[in-house]
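Visitor: To start, I am sharing the structure in question, which I have written as structure tokens.
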Amino acid sequence: MPKRLRDPTSLELLNHDTQKTHYFLERDSKKRRQNKADFGFFNSTFYGSDSNNGIEELISSSSSYFPRLFRGKEPLENVKIRQKLFEEIWRNQSATITSNLNDTNTYVYNRLYEYITTSENIGSEKLNVGFLLLGSNTANNIRVLSEFRSFCKCKAAETKDIVRIIQIEAKSCQNIKSALREVVLQFFKSSTTDVLEQLDQVDEEDAVDDDDEEESSKGNGRVNYDFDNVEEYLRGQPHVKLVVVIQDTDSMISQVLHQMIKLLYSYLDRIPHIRLLLGVSSSNISQWINSTLDNQTRTIIHGAKFKTNDNQKVIFTIANNLFLRNHQHDSLSPLMLDPQLTAILYDRMSNADNSVDTFVQELKLCYMIYFYQNPLAVFHDTNFSDKTSKIPEEYFETFKKLPSFKRFIEKRVFEYKSSKDKQIKNEVISLIDLNDPVKVFLESSKAQFLKFKLKVINACNILHGLLKHKREKLEVYKMILNNEVLDLFMDSQHHFKNFEVNSYYVPEDIISEYESEFGTISDENAALFIDRIENQTGNILEIVQSYITQVSDYYKDFHGTVFHENWFLTGFGYSTDDMKKVKLMSLEENYENLMINLLRPNLRMALETGLSTPSLYLGNYLIQNHLQNNGFTKSRIKAPISQLFQVYKDAPVTINIYDMYTAFKYSYNRKDVLAELGLEDNFPDNKYEKLMFSWFSQSCFEMTQMGFLKEKPKADYLEKAIWRGV
């Protein structure tokens, strides 16, 4: 048997705690009841102290939820600066988002309000039904309807109209009785508490029970789903406008929908003003009506179509106003979107119908991650940047660990050819050893970034306008930062050729979003391009091609700017130990899972690589030298767990243990195993079987603990454990 298996220390592998792939953090139950925090290991790790005094003092005195970085050496006032920056910047971005959302569907809301408050009966003897075309994202549809209710409330206060909006869901309409019960209950809740007290409350079970004939009655002898209750109330309130909204009509049972429409139609002569709004996900309303409503129902309704703005378009508009407008040079919007994060967001927005709320939460999380774990975020505060003489040493050491700074130093080192290049040598030494040159580089980097930002945003606006808005502005931005802008020109070359034929001129909306300069910063490329286009000095296609060629160089400017990492919103983290880019998040809808993933390391890839090709680790020359010095030779067989992993990869999802053992046993060459262990060829078969089974059992246990296998209820089967994202 190999020495590594005979070593008594190998028993440590059987310790359950050493085999865990992730851990759950739980507070002691007594301290949780007493509301006392015990931060233990995390306190000593991040705050440089074994006691809880440091973190308790931080929480009680500063009211900050940001940690002290640099292993607890970060000044407390700088922690407050990071938190203040996050709150102020996100407050500004949130206000922009709210403003955009408020203006998004205003036109549709006005049309809807006019429709539901019109006094005359639009459909004559028919029920007025409004078809509200929503997207396929339920969360976004709920937000749109909620905004509409708020809009109606504000509008009604101005016009003195009395509007009662009843909004119901398909899940509460399992049958017509439960649907009417919900309508009656909501109506009286929004009308008057006096009438509400007269209504009897019913059990939840009654809401879905069709066969229960013993309905609870009110004092007037009516059941609580009797629509006559509403009709009786409205008889004394002729000015009340009743609107019934079904928010997810596609999910509603067709029979219940037909019954609801016919019932409301039957009350037309008694209720003076009633409207029905159906929230529909389909874009083809005619096809939806023909496939959903029967002939009789279609003859008793008078329909009107209302279309809300496309959800995808709303999100792109928000992204443009947040990051791609030239007024975003102020201190409350200091960051640009990183190329990788831009690609992630664009792919999500263009390939799926995501809700606006999800997009906003993702952005907020990106900002939170940036300011939460990045000590260099304090340099976005102008007052802090001015106090360069008082900046602690740790900040400059962190700047020197950024990849862009390392690349710059390497570039200067390669430029050093001989001892005559003393200037380069002195520059490199001073940048590495001293802090003052880093301060100068930092100021220069910020100026370069602002100029780069102006040029990129101008290029986005100009190219977006030249393409007649055929591509999203965020896509143009992504292509510029990912060095794909020449592909954009080649794809749209036929479009640019038409400019010359039609004597095309730059439209005013392009020039209005273009800024040739911002303070002392100027964009010479855009200024020259606009001048040549306006004056028609040359071939239009050549002018556009020349400008796009210049824009393609922005990709080099992006990577060539020292310290550019600090000016971009990445949505990823940087380890303060080596400043390597570490992926901390993946954008997903389930934020509960996301918070778990922030604590759980990405082990799957590392484990699979190590098990598939252990030579990447065991082939290390230090290990080889150690083995040779101790009389070991290179093994002719793979480690049992690595060999079992090869069998595991080829196995189905559900694995028979005996079949897996048989495949594992025959994957080894018996002669090689015996030679490796120094045993004779006539080694007994039963002992060899025991050896193979012991290796198999231990390897199965290890793979189970690592999360690759899990036991099935049947004892003779195992199942592959699938990790998220694999």
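Add 1127 to the 1-based position in the sequence shown for the working numbering, that's all there is to it.
Heads up, the beta-carbon is just placed ideally off N, CA and C, and yes, glycines get one too.
This structure is a prediction, so every number in the text was calculated from the model and none was measured.
#1: DSSP beta-bridge partners for ALA1431?
#2: Rounded to whole angstroms, how far is the Cβ of THR1244 from the Cβ of ASP1288, which I believe are closer than 8 Å?
#3: Whole angstroms is fine: what's the gap from CYS1300's alpha carbon to ILE1398's?
#4: Which of helix, strand or coil does DSSP assign to LYS1839?
#5: For TYR1104, name the three-state secondary structure that DSSP assigns.
#6: For GLU1846, list the residues DSSP reports as bridge partners.
#7: Give me whichever residues DSSP pairs with LEU1464 in a beta bridge.
#8: Helix, strand or coil for SER1218 per DSSP?
#9: What would DSSP say about LYS1368, mapped onto helix, strand or coil?
#10: Under DSSP, the alpha helix (DSSP H) around ARG1452 begins and ends at which residues?
#11: In three-state terms, what does DSSP make of GLN1301?
#12: When burial is assigned at 16 or more other CB atoms within 10 Å of the CB, is TYR1392 buried or exposed?
#13: Do you know offhand how far GLY1430's Cα is from TYR1240's?
#14: Could you tell me which whole beta strand (DSSP E) segments of length 3 or greater appear in the stretch 1471-1503?
#15: If distances are taken between C-alpha atoms only, which option among LYS1847, ILE1556, SER1821 and PRO1840 comes closest to GLN1832?
#16: When DSSP labels each residue in this structure, what does SER1572 get in the three-state scheme?
#17: Let me make sure I understand the geometry here. Which of ARG1308, VAL1540 and ALA1297 has the alpha-carbon closest to that of PHE1376?
#18: Could you check whether LYS1578 and TYR1681 sit closer than 8 Å to each other, using their CB atoms as the reference points?
#19: Let's see if you can read the secondary structure: which residues bound the beta strand (DSSP E) around ILE1401?
#20: Take SER1679 as the anchor and find which of LEU1655, VAL1603 and PHE1695 has the nearest alpha-carbon.
#21: 8 Å is my cut-off, CB to CB: does HIS1596 come that close to chain C?
#22: Exposed or buried, what is HIS1691 when buried is set at 16 or more other beta-carbons lying within 10 Å of its beta-carbon?
#23: Less than 8 Å between the CB atoms is what I'm expecting for TRP1217 and TYR1494, so what's the real figure, rounded?
#24: Do you know how far the Cα of MET1463 is from the Cα of LYS1580?
#25: What's the C-alpha gap between GLU1803 and PHE1810?
#26: Looking only at C-alpha atoms, which of GLU1542, THR1485, ASP1563 and GLN1550 sits nearest to TYR1522?
#27: Determine the direct distance from the alpha carbon of GLY1737 to that of TYR1744, and round the result to whole angstroms.
#28: Using DSSP's beta-bridge definition, name the partner residues of ILE1292.
#29: So is ARG1133 buried or exposed if we call it buried at 16+ other beta carbons inside 10 Å?
#30: Around the C-beta of PHE1835, are 16 or more other C-beta atoms found within 10 angstroms, so that it is buried, or is it exposed?
#31: Does the Cβ of SER1702 have 16 or more other Cβ atoms within 10 Å, making it buried, or fewer, making it exposed?
#32: Answer yes if the stretch 1762-1778 comes into contact with the stretch 1805-1825, meaning at least three C-beta pairs across the two stretches below 8 Å, and no otherwise.
#33: Using CA atoms only, rank isn't needed, just tell me which of ARG1452, LEU1492 and GLN1439 is closest to SER1477.
#34: Going by alpha carbons, who is nearest to CYS1279 out of TYR1242, GLN1374 and VAL1505?
#35: If I follow the unbroken alpha helix (DSSP H) through HIS1686, where does it start and stop?
#36: Determine the extent of the alpha helix (DSSP H) in which HIS1385 is found, giving its start and end residues.
Guide: Looking at the coordinates:
#1: As a working mapping, residue 1431 is identified with position 304 in the sequence shown. Paired residues: GLY1257.
#2: Residue mapping note: residue 1244 aligns to position 117 of the sequence shown, counting from 1. Residue mapping note: residue 1288 aligns to position 161 of the sequence shown, counting from 1. Contact check for THR1244 and ASP1288: beta-carbon distance about 5 Å, within the 8 Å limit, so the pair qualifies.
#3: Residue 1300 sits at position 173 when you count from the first residue of the sequence shown. Residue 1398 sits at position 271 when you count from the first residue of the sequence shown. Computed Cα separation, rounded: 23 Å.
#4: Taking the sequence shown and counting its residues from 1, the one referred to as residue 1839 is at position 712. Under the three-state reduction of DSSP, LYS1839 is assigned to coil, being neither helix nor strand.
#5: Because the chain spans 1128 through 1853 in this model, residue 1104 falls outside it and cannot be assessed.
#6: Counting from 1 along the sequence shown, the entry for residue 1846 is found at position 719. Its beta-bridge partners are THR1781 and LYS1837.
#7: Working through the sequence shown from its first residue, we reach residue 1464 at position 337. DSSP lists LEU1696 as partners of LEU1464.
#8: Numbered from 1 along the sequence shown, position 91 holds the residue referred to as residue 1218. The sequence given here places Arg at residue 1218; Ser does not occur at that position. In the structure shown, ARG1218 sits in a helix (DSSP, three-state: H, G or I).
#9: Your numbering for residue 1368 matches position 241 in the sequence shown. Here LYS1368 sits in strand by DSSP.
#10: Taking the sequence shown and counting its residues from 1, the one referred to as residue 1452 is at position 325. It is not in any alpha helix (DSSP H) - ARG1452 carries neither H nor E in the DSSP assignment.
#11: Within the sequence shown, numbered from 1, the residue matching residue 1301 stands at position 174. DSSP places GLN1301 in the coil class of the three-state scheme, outside both helix and strand.
#12: Locating residue 1392 in the sequence shown gives position 265, where the first residue counts as 1. Looking at its Cβ environment, which holds 16 or more other Cβ atoms inside 10 Å, TYR1392 is buried.
#13: Taking the sequence shown and counting its residues from 1, one reaches residue 1430 at position 303. Taking the sequence shown and counting its residues from 1, one reaches residue 1240 at position 113. Rounded to the nearest angstrom, the two C-alpha atoms are 15 Å apart.
#14: The stretch 1471-1503 contains no whole beta strand (DSSP E) run of 3 or more residues.
#15: By 1-based counting over the sequence shown, the position of residue 1832 is 705. The residue with the shortest Cα to Cα distance from GLN1832 is LYS1847.
#16: Start at 1 with the first residue of the sequence shown, and residue 1572 comes out as number 445. In the structure shown, SER1572 sits in a helix (DSSP, three-state: H, G or I).
#17: Along the sequence shown, one-based indexing puts residue 1376 at 249. One detail in the question is off: residue 1376 reads as Thr in this sequence, not Phe. Ranked by how close their Cα comes to the Cα of THR1376, the residues ARG1308, VAL1540 and ALA1297 have ALA1297 in first place.
#18: On the sequence shown, residue 1681 is found 554 positions in, with the first residue counted as 1. On the sequence shown, residue 1578 is found 451 positions in, with the first residue counted as 1. Annotated as distal: TYR1681 and LYS1578, with beta-carbon spacing of 8 Å or more.
#19: Taking the sequence shown and counting its residues from 1, one reaches residue 1401 at position 274. That run of the beta strand (DSSP E) goes 1401-1407.
#20: As a working mapping, residue 1679 is identified with position 552 in the sequence shown. Among LEU1655, VAL1603 and PHE1695, the Cα nearest to that of SER1679 belongs to VAL1603.
#21: The structure shown contains no chain C; it is built from a single protein chain.
#22: Within the sequence shown, numbered from 1, the residue matching residue 1691 stands at position 564. By the 10 Å Cβ count, HIS1691 comes out buried.
#23: Taking the sequence shown and counting its residues from 1, the one referred to as residue 1217 is at position 90. Taking the sequence shown and counting its residues from 1, the one referred to as residue 1494 is at position 367. Between TRP1217 and TYR1494 the beta-carbon gap is near 5 Å, inside 8 Å, which marks them as a contact.
#24: By one-based count along the sequence shown, residue 1580 stands at place 453. By one-based count along the sequence shown, residue 1463 stands at place 336. Across the structure, LYS1580 and MET1463 are spaced so that their CA atoms are roughly 8 Å apart.
#25: Position 676 of the sequence shown, counted from the first residue, corresponds to residue 1803. Position 683 of the sequence shown, counted from the first residue, corresponds to residue 1810. Cα to Cα, the separation comes out at about 13 Å.
#26: Here the question's residue 1522 lines up with position 395 in the sequence shown. Per the C-alpha coordinates, the member of GLU1542, THR1485, ASP1563 and GLN1550 positioned closest to TYR1522 is ASP1563.
#27: Taking the sequence shown and counting its residues from 1, one reaches residue 1744 at position 617. Taking the sequence shown and counting its residues from 1, one reaches residue 1737 at position 610. TYR1744 and GLY1737: Cα-Cα distance of roughly 7 Å.
#28: As a position in the sequence shown, residue 1292 is number 165, starting the count at 1. Paired residues: VAL1370.
#29: By one-based count along the sequence shown, residue 1133 stands at place 6. Below a pLDDT of 50, predicted positions are generally treated as unreliable, and ARG1133, at 43, falls in that range; the measurement from the model is reported next regardless. It is exposed - the Cβ of ARG1133 has fewer than 16 other Cβ atoms within 10 Å.
#30: The residue you call residue 1835 lines up with position 708 of the sequence shown. Burial state of PHE1835 is buried, judged by a 10 Å Cβ sphere holding 16 or more other Cβ atoms.
#31: Locating residue 1702 in the sequence shown gives position 575, where the first residue counts as 1. For SER1702, the pLDDT reaches just 42, beneath the cut-off of 50, and the residue's location in the model is therefore unreliable, although a value from the coordinates is still provided. So SER1702 counts as exposed.
#32: Yes, the stretch 1805-1825 touches the stretch 1762-1778.
#33: Against the sequence shown, residue 1477 aligns to sequence position 350. For the residues ARG1452, LEU1492 and GLN1439, the minimum Cα distance to SER1477 belongs to GLN1439.
#34: Numbered from its first residue, the sequence shown carries residue 1279 at position 152. Of the candidates TYR1242, GLN1374 and VAL1505, the one whose C-alpha sits nearest the C-alpha of CYS1279 is TYR1242.
#35: Walking along the sequence shown from the start, residue 1686 turns up at place 559. From DSSP, the alpha helix (DSSP H) with HIS1686 extends over 1681-1687.
#36: One-based indexing of the sequence shown puts residue 1385 at position 258. Annotation for HIS1385: the continuous alpha helix (DSSP H) segment containing it runs 1381-1393.
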